[in-house]
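These notes concern the structure reproduced below.
Number of protein chains: 2
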Amino acid sequence: MTIVKPSILPGFLELLPRDQIVFDNLKEIIERNFKFYGFFPLDTPMIEKKEVLLAKENGETTKQMYEIDSSSKDMVLRFDLTVPLSRYVAEHYHELEFPFRRYQISKVFRGERNQKGRFKEFYQADIDIIGDNSLDIKNDAEIPRVILSILKDMNFDQISFHINNRKLINGFMKSLDIENYDEVLRAIDKVKKMTKENFYSYLLELVKSNEKADSIIEFVSKDLENEEIIDYLNSLEIDNEEFVQGLEELKEVYKYMKIFGVDNEYIRIDLSITRGLDYYTGTVYETFIKGFESIGSICSGGRYENLSGNFIERNLPGVGISIGLSRLYYSLNELGLLNNEKNNNIDLIIFSMGVSYEYPIKILNLLRSNNYKAQIYFEDVKFKKKLNYANKLGIPYVIIIGDEELKENKVTFKNMQTGEQILCSSEELITKLNDIL
Amino acid sequence: MTIVKPSILPGFLELLPRDQIVFDNLKEIIERNFKFYGFFPLDTPMIEKKEVLLAKENGETTKQMYEIDSSSKDMVLRFDLTVPLSRYVAEHYHELEFPFRRYQISKVFRGERNQKGRFKEFYQADIDIIGDNSLDIKNDAEIPRVILSILKDMNFDQISFHINNRKLINGFMKSLDIENYDEVLRAIDKVKKMTKENFYSYLLELVKSNEKADSIIEFVSKDLENEEIIDYLNSLEIDNEEFVQGLEELKEVYKYMKIFGVDNEYIRIDLSITRGLDYYTGTVYETFIKGFESIGSICSGGRYENLSGNFIERNLPGVGISIGLSRLYYSLNELGLLNNEKNNNIDLIIFSMGVSYEYPIKILNLLRSNNYKAQIYFEDVKFKKKLNYANKLGIPYVIIIGDEELKENKVTFKNMQTGEQILCSSEELITKLNDIL
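Those protein sequences? They're chains A and B, same order as listed.
Each step along the first sequence adds one to the number in the working numbering, with nothing skipped, and position 192 is 666.
Each step along the second sequence adds one to the number in the working numbering, with nothing skipped, and position 122 is 596.
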């Protein structure tokens, strides 16, 4: 038989079982919270029509789209969960109730160049709230509340939601009579990656005025308490309509985030946050773990004016956020921030020492009917190898059944960590397990 | 803006939110049991190397494989979860402990022609136990035990596991001096779809002997109690080695299935079951819901001699079973056998009647911190429309807060089913909810 080298394609993520359990644990925390906060599950196809995914030119992302080599040339792998959502909401508009709250946690595909921590197939975990014709701004304040619960369940407490508002920035730029404000915003998006000098000269080139460049620098660099930033924004007394509306929205989101239980310490009004230029139109969020800002925003999103404009003649505004789960896992793992303690699902394993398996399986059935996660080992190997199996799998307790145990209708119960072992009846075993598990 | 018709490709499955909840419930039952019985999660990439997926010629299935239109021509979508498993086990051989028990519940892709209940993208839910060099036959008996738990959790109690053994059939054919027994097996695989007469004449053509055809017909048509079939097989006194071994295995699997708690009523030794000809080498299973045999086997599998022969020079025998989850959902739904009662995740929704949202959100926070699944509605619409939203979403309880409630620091708690409503304090609300939820 010809042997093919067993390997996966470069740029794909695959985990060993114990790491997969850690990954699944993060995923489970996210899903549990999404459900708890009242979001409906969706599971759209991984393969969509090309014309649907290309309905909105999405810049870089669509260039990274994987096409299926089919005769119809109309099958592509989705590159995010947002375009499928916009198609779904338009397609099922009459069957949905609005505001429509949905979550989806699933893989998306992008032909990115190979790069550390970037994958060609990766999980996104998204929530969105879609309104019909309008959507109250307070919804924007609830989204970070969901994320806070998730991150707390992951044992992260040092979290910072950076919030801003696109109308506010746009209005500010317009008040300065800056016409090419798209380009300026794109520059601002990179401000944290540039030196002060480089940013200034780049900006100056764009706005061609020291005064304007100074104003912009001052605006995006405000590193003050949230209330002070609001005072500063009020003090600007800009009467541009967009600015005024954006400021009003930002204040509301900030106020209601706190009412939802996202305390002030978790919030940072950050006027340099812009997010995906073609997309967001109001609130924008990024989320950082304090002390680990270098891994970037672990969860970003915002408000968009119209989700499904490419698919339906309806105004469907929405707000949402997305966790790049595969990337988050990778970063946290690299930083040693993951709890790897629980690396198996099983509490007990049963070994027979040469006795027939009827009795050991009865004990197994008893354990399972008492809701204990137990398994049995059938292979005919030396005892040492059996114990080694339990050890390697991280199974904390072992049950040993030999002639002695069988004769006395008992079992030997061994704690793998302490090495302690006792002989007990099955009733005593269950009582003991009720205490320790 | 040009409007693109929002639609999915033909042959793909997509559900409305309330149906998705029902689907996810089935999936959750499967995953919970797979974990409980001690299987490790795996999540292999959806896109694999073409040479890997083609390492073993798999007949029809590989013809249905989707290729990615990439320059390297080496990316394809997986068509099952078994080939990726065989690649994974070979690739990570030195990092795994054997017997290696793994589950995977995920989508696979096949370019099948459009057909009712057949999808181009569908979920498989697989468990397998892989041994290193050998794997005890009792493992074959535990697999149906896992499936029984799953189906009972889905409220199906009328289940029938049809079991057989490939060595037994092969040995039987060899004892009749039938050389083209592969073809005969392929014919047997279709016996349930043919009339008796057609099957007989087809068989006769293959074996060219009335006597042999009669023997085969007698063999595959035995519709007796399990013990009687074993008596019949013993009475044949065939001394072909393969037959003897197959019979021994079948008896063991039957015996230990019962010890594992799969009672005799759930088991049917069925000598006409053959399953995937190139693949299985010992035990084979199919699973039927009694009275609904027409939907076919909902869960099939068996024993294979060597999982990863294409990838590693090691003998890795295994046994596994696969639930075609998307197909199962579709069939059960068509037959009205699904429990659609719980079609939302939320127990309570809060409506403000024109009062500011501080107090309503405080009530929401209180409910959530007491672990109640609650949401709040912010849109400024008529009360009737709000109640209609709760109704459509199937939310059983509504909390109404107006001037009166705000002034008295109370809430109105309404049961949507009975229409009954009471005014109570938040403490009284929690006490009441503790009773009813």
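Just so you know, even glycine gets a beta-carbon here, dropped at the ideal spot from N, CA and C.
query: Assign Phe-596(A) to one of two classes, buried (16 or more other C-beta atoms within 10 Å of its C-beta) or exposed (fewer than that).; result: buried
query: Across the segment 774-788 of chain A and the segment 559-573 of chain A, are there enough close Cβ pairs to call them in contact, namely three or more that are closer than 8 Å?; result: yes
query: Within its chain, find whatever has a CB closer than 8 Å to the CB of Gln-632(A); leave out the 5 residues flanking it on each side and keep chain order.; result: Ile-763, Lys-764 and Gly-765
query: Beta carbons nearer than 9 Å to chain B: which residues of the segment 732-751 of chain A have them?; result: Ile-733, Phe-734 and Gly-735
query: Are the C-beta atoms of Pro-515(A) and some chain B residue less than 7 Å apart?; result: yes
query: Where does the unbroken beta strand (DSSP E) through Gly-776(B) begin, and where does it stop?; result: 773-778
query: Find the residues of chain B that neighbour Met-668(A), judging by a C-beta separation of less than 9 Å, and give them in chain order.; result: Chain B residues near Met-668(A): none, gap ~34 Å exceeds 9 Å.
query: How many whole angstroms separate the CB atoms of Phe-734(B) and Ile-869(A), which I take to be in contact at a CB cut-off of 8 Å?; result: Between Ile-869(A) and Phe-734(B) the Cβ distance is about 20 Å, and since that is not below 8 Å, they are no contact.
query: Between Gly-893(A), Leu-625(A) and Lys-881(A), which has its C-alpha nearest Asn-507(A)'s C-alpha?; result: Leu-625(A)
query: I think Ala-864(B) touches Met-890(B), with their Cβ atoms under 8 Å apart; what is that distance to the nearest whole Å?; result: 6 Å
query: Which residue marks the beginning of the beta strand (DSSP E) containing Asn-638(A), and which one marks its end?; result: 633-639
query: Along chain B, which residues have their Cβ under 8 Å away from the Cβ of Gln-494(A)?; result: Phe-514, Pro-515, Leu-516 and Asp-517
query: Over the uninterrupted alpha helix (DSSP H) stretch that includes Glu-832(A), give me the two end residues.; result: 832-843
query: On the DSSP bridge assignment, give the partners of Gly-512(B) in chain order.; result: Partner(s): none; Gly-512(B) has no beta bridge.
query: How far does the alpha helix (DSSP H) with Gly-720(B) in it reach, from first residue to last?; result: 715-733
query: Nearest by alpha-carbon distance to Glu-653(A): which of Val-681(A), Ser-634(A), Leu-490(A) and Val-727(A) is it?; result: Val-681(A)
query: Secondary structure at Leu-559(B), three-state DSSP: helix, strand or coil?; result: helix
query: Please list, in chain order, the chain A residues whose beta carbon lies closer than 7 Å to that of Pro-573(B).; result: Glu-853
query: With a threshold of 16 other CB atoms inside 10 Å of the CB of Thr-905(B), please say whether the residue is buried or exposed.; result: exposed
query: Just curious, the beta strand (DSSP E) that Ala-848(B) is in, first and last residue?; result: 848-851
query: Give the interface partners of Pro-480(B) over in chain A, defined as CB-CB distance under 9 Å, in chain order.; result: Val-526, Ala-529, Ser-560, Arg-561, Tyr-562, Val-563, Ala-564, Glu-565, His-566, Tyr-567, Ser-782, Asn-784, Phe-785 and Ile-786
query: Counting along the chain, where does the alpha helix (DSSP H) carrying Leu-897(B) start and finish?; result: Segment 895-899 is the beta strand (DSSP E) holding Leu-897(B); no alpha helix (DSSP H) there.
query: Once you ignore the five residues that flank Val-855(A) on each side, which residues in its own chain have a CB closer than 7 Å to its CB?; result: none
query: How is Thr-757(B) classed by DSSP in three states: helix, strand or coil?; result: strand
query: Candidates Lys-509(A), Lys-537(A), Ile-542(A) and Phe-513(A): which alpha carbon is nearest Ile-521(A)'s?; result: Ile-542(A)
query: Quick one: using the 10 Å Cβ neighbour count with 16 as the cut-off for buried, is Thr-757(A) buried or exposed?; result: buried
query: Does any CB atom of chain B fall closer than 7 Å to the CB of Leu-721(A)?; result: no
query: Thinking C-beta only, is Tyr-851(A) closer than 7 Å to Lys-860(A)?; result: yes
query: Checking 7 Å against the spacing of the C-beta atoms, do Ala-599(B) and Ile-797(B) come in under that value?; result: yes
query: So, is Lys-523(A) buried or exposed, given that buried needs 16 or more other C-beta atoms within 10 angstroms?; result: buried
query: Can you check which of these residues, Asp-752(B), Tyr-754(B), Thr-755(B) and Cys-773(B), is closest to Thr-761(B) by C-alpha distance?; result: Cys-773(B)
query: Could you tell me whether the segment 491-500 of chain A touches the segment 794-814 of chain A, where touching means 3 or more Cβ pairs closer than 8 Å?; result: yes
query: Report the residues of the segment 807-819 of chain A with a CB closer than 9 Å to any CB of chain B, ordered along the chain.; result: Asn-818 and Asn-819
query: Please list the residues of the segment 826-859 of chain B that have a C-beta atom closer than 9 Å to any C-beta atom in chain A, keeping them in chain order.; result: Tyr-831, Glu-832, Ile-835, Lys-836, Leu-838, Asn-839, Arg-842, Ser-843, Asn-845, Lys-847, Ala-848, Gln-849, Ile-850, Tyr-851, Phe-852, Glu-853 and Asp-854
query: Just verifying my parser: in three-state terms, what is the DSSP assignment at Phe-572(B)?; result: coil
query: Quick check on DSSP: helix, strand or coil for Ala-529(B)?; result: coil
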